[in-house]
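A.B. asks:
Residue numbers (the numbering used here): 16 to 237.
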């Protein structure tokens, strides 16, 4: 645990304490659960290349010690406060919608980036609808969620409580341009690996983590 302003953040650190620190910013909502192991492996691979990393659990996510629903503004504030508190230069490496927490113009490397929060919200609603159908045979639509939000109610989606404020903030969010980006998949120019954020259960792909870490280390050296 590390105290940053008013937040006590669980932080997984790897590698040396000196030199540039890579802050690994996790995806949002249920994609975080699916990608956290991969980002931890990226952190370990960077440590093997003598690059220090930090993987914080921001408010409303992971092992953060509070049951309060996720709030994008609070998570973004905690992330920037964490970066400002470091004694050495810090660089952000985001995955999927983690880049939506960064202010415009923030230098960062993006892994499988999502440029608009509306896309993530649609994916979150779709994932919940599929899960609801499998569990109960019932139906759930975006209209159901939007009606609840319009009435000021929180909607539980794929294991996360999404407040009306969080839904609106996600729908309106857009990511800053990345200094460089990495795609994961099986296509030309992509780092070979599974689409972690679509896996029902977290998967491990050390070769993919090593390849991503090597690319990040190369970017840091430029």
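Each residue gets a CB set at the ideal place from its N, CA and C atoms; glycine is no exception.
These figures come from a predicted structure and were not determined experimentally.
#1: Please say whether residue 42 and residue 77 have beta carbons closer to each other than 8 Å?
#2: Between the alpha carbons of residue 54 and residue 165, how many angstroms are there, rounded?
#3: Can you tell me the Cα-Cα spacing of residue 102 and residue 210, whole angstroms?
#4: Within 10 angstroms of its Cβ, does residue 30 collect 16 or more other Cβ (buried), or is it exposed?
#5: Would you give the residue range spanned by the alpha helix (DSSP H) that residue 151 belongs to?
#6: When we look at the beta-carbon of residue 16 and count the other beta-carbons within 10 Å, is it buried (16 or more) or exposed?
#7: Residues in the same chain with beta-carbon distance under 8 Å from residue 173, minus the five sequence neighbours each way, listed in chain order, please.
#8: Which residue from 63, 112, 95 and 126 puts its Cα closest to that of residue 2?
#9: Flag this pair as touching only if the region 90 to 102 and the region 185 to 197 have three or more C-beta atom pairs under 8 Å; answer yes or no.
#10: Nearest to residue 18 by alpha carbon, out of 219, 80, 155 and 201?
#11: Roughly how many angstroms separate the alpha carbons of residue 159 and residue 177, rounded to a whole number?
#12: By the DSSP assignment, the alpha helix (DSSP H) with residue 240 in it spans what residues?
#13: Within 10 Å of its beta-carbon, does residue 223 have 16 or more other beta-carbons around it, so buried, or fewer, so exposed?
#14: Report the three-state DSSP secondary structure of residue 179 (helix, strand or coil).
#15: Alpha carbon to alpha carbon, how far is residue 215 from residue 50?
C.D. replies: In short, the structure shows the following:
#1: For the purposes of this step, residue 77 is taken as the residue at position 62 of the chain shown. For the purposes of this step, residue 42 is taken as the residue at position 27 of the chain shown. Taking 8 Å as the Cβ cut-off, residue 77 and residue 42 do not qualify as a contacting pair.
#2: As a working mapping, residue 54 is identified with position 39 in the chain shown. As a working mapping, residue 165 is identified with position 150 in the chain shown. Distance between the alpha carbons of residue 54 and residue 165: 36 Å.
#3: The sequence position of residue 102 within the chain shown is 87, counting from 1. The sequence position of residue 210 within the chain shown is 195, counting from 1. Computed Cα separation, rounded: 34 Å.
#4: For this step, residue 30 is matched to residue 15 along the chain shown. It counts as buried.
#5: Within the chain shown, the letter at position 136 stands for residue 151. 132 to 151 is the span of the alpha helix (DSSP H), which, as asked, contains residue 151.
#6: For the purposes of this step, residue 16 is taken as the residue at position 1 of the chain shown. Burial call: exposed.
#7: Residue 173 sits at position 158 when you count from the first residue of the chain shown. Same-chain partners within the cutoff: 44, 45, 139, 142, 143 and 146.
#8: Limits of the chain in this structure are 16 at one end and 237 at the other, which puts residue 2 out of reach.
#9: no
#10: Position 3 of the chain shown, counting from 1, holds the residue named residue 18. Ranking the options by Cα distance to residue 18, first place goes to 80.
#11: Locating residue 159 in the chain shown gives position 144, counting from the first residue. Locating residue 177 in the chain shown gives position 162, counting from the first residue. If you draw a straight line from the Cα of residue 159 to the Cα of residue 177, it is about 13 Å long.
#12: The displayed coordinates of the chain run from 16 to 237. Any statement about residue 240 would go beyond what the structure contains.
#13: The count along the chain shown starts at 1 and reaches residue 223 at position 208. So residue 223 counts as buried.
#14: To locate residue 179, count along the chain shown from 1; it is residue 164. In the structure shown, residue 179 sits in a helix (DSSP, three-state: H, G or I).
#15: Translated into positions along the chain shown, residue 215 becomes position 200. Translated into positions along the chain shown, residue 50 becomes position 35. Cα to Cα, residue 215 sits roughly 11 Å from residue 50.
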